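Everything below concerns the one structure shown next.
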Amino acid sequence: MLLGNFFNISEKQVSGNTILATIEINAQHPIFEGHFPDQPIVPGVCMIQMIQEITEIVTGKKLQLSKADQLKFLAVINPLENPGVNVEFTFDSKADNSVSVNGKLYKGELNFLKFKGSFIQVD
Numbered sequence: 097m098l099l100g101n102f103f104n105i106s107e108k109q110v111s112g113n114t115i116l117a118t119i120e121i122n123a124q125h126p127i128f129e130g131h132f133p134d135q136p137i138v139p140g141v142c143m144i145q146m147i148q149e150i151t152e153i154v155t156g157k158k159l160q161l162s163k164a165d166q167l168k169f170l171a172v173i174n175p176l177e178n179p180g181v182n183v184e185f186t187f188d189s190k191a192d193n194s195v196s197v198n199g200k201l202y203k204g205e206l207n208f209l210k211f212k213g214s215f216i217q218v219d
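In structure tokens, the structure reads:
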């Protein structure tokens with residue numbers, strides 16, 4: 097889990113199946129020693145993991161990525177320049193224990209990630 101170590105949720109609003117959140121990324125996390133020294137960049141896999149963990153909190157389900165229909169990395173997140181990032185997505189829990197998600201990570205007009213995919217519940 098990245099929550100509580102790599103990032104924290106400073107603000108969260110849930111309205112129906114829409115989530116709006118602000119997350120704070122820990123620029124001192126050891127992952128940035130290798131990705132990359134003196135030029136920290138949030139790895140793409142961590143961006144997806146953050147969406148997964150926020151979805152787990154809201155749905156109360158333990159999830160695993162099962163399908164990425166659309167995955168666009170549009171800009172890098174440097175936690176020194178953008179420690180606070182907005183998360184916005186909609187989710188839909190399905191009868192087969194999957195959760196479809198459609199959303200983005202952004203700050204103002206700058207989009208970092210657009211994601212459309214599915215997570216499956218795991219025990």
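Per my numbering, numbering of the sequence shown is gapless, rising by one per residue and ending at 219. For glycine and all other residues, C-beta sits at the position ideal for the given N, C-alpha and C. If you're wondering where the values come from, they're calculated on a predicted model, not measured in any experiment.
DSSP, read as helix, strand or coil, puts Gln217 in strand.
Rounded to the nearest angstrom, the gap between the Cα atoms of Leu159 and Gly213 is 12 angstroms. Using a Cβ distance threshold of 9 angstroms, Ile127 and Asn104 do not count as a contacting pair.
Counted as a single uninterrupted DSSP element, the beta strand (DSSP E) harbouring Gln160 occupies residues 159-169. Contact annotation, Val183 with Gly199: C-beta distance approximately 7 angstroms; criterion of less than 8 angstroms satisfied. One thing to note: Met146 has its Cβ no nearer than 9 angstroms to the Cβ of Leu206. Note that the C-beta distance between Ile153 and Lys190 is not below 9 angstroms. Under a 10 Å Cβ-count criterion, Leu209 is classified as buried, with 16 or more other Cβ atoms of the shown protein chains found around its own Cβ. The DSSP-derived three-state label of Glu177 is coil.
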